[in-house]
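Comments concern the structure below.
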Ligand SMILES: O=C(O)CCC(=O)C(=O)O
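In full-length UniProt numbering, the protein residues as written are 1 to 276.
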């Protein structure tokens with residue numbers, strides 16, 4: 001693709017008040033055609049090449065923990081690769097995140113590639129915010145599959161309305177989080193949305209929404225990029241577990257409890273009055 005045909009990554013994607021209401025009520029939303037097939041065809045090799053370069057997980061599948069079987073996980077690719085930075089700072093994505101949260105702007109918390117290998121295991125049920133020492137409800141992950149993602153590849157699944165209940169808030173991603181949440185969903189009869197993703201479809205979920213992904217039963221990589229945003233103005237609280245200490249050091253180094261999160265790793269990605 002030459003310079004003229006590189007698809008612009010910052011153009012606007014319109015969401016409706018009904019979609020915002022759905023997100024805030026259910027804790028997630030799946031939006032079709034956020035990216036065109038041409039855009040995915042352009043970005044997938046760029047992101048996949050960076051993942052191949054920076055992946056450090058080389059253990060054979062049978063020697064890995066449940067967590068390690070779930071995906072190759074590469075954090076803050078935007079710091080390592082300038083092209084990926086362009087993708088992760090897409091104003092299209094950040095504007096959707098801002099509008100869904102109903103806030104005046106969002107900052108980068110971090111990005112991460114989550115590549116589920118052929119025959120890779122399921123991602124256990126969990127909440128993301130267990131890991132994050134952030135003093136806000138307003139966090140959101142954009143989950144961006146870089147191919148169409150049928151059921152047998154492990155698309156992301158969500159428990160509807162589960163951001164409003166307190167389940168497994170103190171459990172890391174593990175067999176235990178899977179068991180506790182699965183049982184809660186069964187007992188409380190909570191609805192679950194577990195459906196394939198079309199090419200270009202992107203989901204957004206709150207940090208407290210219960211979610212999981214099935215195993216990758218195919219012989220193809222399930223390539224997914226994610227970008228995690230926090231509301232501008234969010235403060236850090238004193239970490240409550242070892243994972244939150246890691247997150248503090250990784251995503252907001254130098255920030256003290258009670259301070260606004262605004263290090264060089266957390267630039268503003270979108271503000272409501274930014275020019276289109
Ligand atoms: O991609 C996956 O398998 C899990 C993703 C996830 O848990 C997340 O993005 O919060």
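We put the CB at the ideal spot given by N, CA and C, even for glycine.
Inset, instruction - Anything with a beta carbon under 7 Å from a heavy atom of ligand 1 counts; list them all in chain order. - result: 70, 71, 114, 116, 123, 126, 128, 141, 143, 154, 156, 205, 211, 213, 224 and 226
Inset, instruction - Please go through the region 159–210 and give each complete alpha helix (DSSP H) segment of 4 or more residues, from N-terminal end onward. - result: 175–188
Inset, instruction - Can you tell me which of 238, 149 and 266 puts its alpha carbon nearest to the alpha carbon of residue 251? - result: 266
Inset, instruction - Mind listing, in chain order, the continuous beta strand (DSSP E) runs of no fewer than 3 residues lying wholly within the region 14–90? - result: 28–31 and 72–75
Legend entry - residue 138 versus residue 227 - alpha carbon distance: 14 Å
Inset, instruction - Decide yes or no for the touch test of the region 185–201 against the region 23–35: beta carbon pairs closer than 8 Å, at least 3 of them. - result: yes
Inset, instruction - Compare the C-alpha of residue 13 against each of 141, 84, 42 and 96 and name the closest. - result: 96
Inset, instruction - To the nearest angstrom, report how far apart residue 186 and residue 8 are at their CA atoms. - result: 44 Å
Inset, instruction - Look at residue 107 and residue 268 and say whether their C-beta atoms are less than 8 Å apart. - result: yes
Inset, instruction - For residue 80, count neighbouring Cβ atoms within 10 angstroms of its own Cβ and tell me buried if that reaches 16, exposed if not. - result: exposed
Legend entry - With 16 other Cβ atoms within 10 Å as the buried cut-off, status of residue 217: exposed
Inset, instruction - Would you check if the distance between the CB atom of residue 44 and the CB atom of residue 72 is smaller than 8 Å? - result: no
Legend entry - Cβ-based burial, residue 222 [other Cβ within 10 Å; buried from 16]: buried
Legend entry - Boundaries (first-last residue) of the alpha helix (DSSP H) holding residue 147: From DSSP, residue 147 is part of no alpha helix (DSSP H); its letter is neither H nor E.
Legend entry - Start and end residues, beta strand (DSSP E) containing residue 111: 105–115
Legend entry - Nearest to residue 163 (by Cα), restricted to the options 135, 194 and 206: 206
Legend entry - Extent of the continuous alpha helix (DSSP H) run through residue 245: 242–251
Inset, instruction - Identify every residue that forms a DSSP beta bridge with residue 270. - result: 106
Inset, instruction - Have a look at residue 153 and residue 248 and give me their C-alpha separation to the nearest angstrom. - result: 32 Å
Inset, instruction - Return the Cβ separation of residue 233 and residue 193 in integer angstroms, given the expectation that the two are a contact with Cβ distance under 8 Å. - result: About 31 Å; that fails the 8 Å criterion.
Inset, instruction - Look at the Cβ atom of residue 77, then the Cβ atom of residue 42, and state whether they are nearer than 8 Å. - result: no
Inset, instruction - Locate the beta strand (DSSP E) running through residue 255, then write down its first and last residues. - result: Unbroken run through residue 255: none, as it is neither H nor E.
Inset, instruction - Could you pull the start and end residues of the beta strand (DSSP E) that residue 225 belongs to? - result: 224–231
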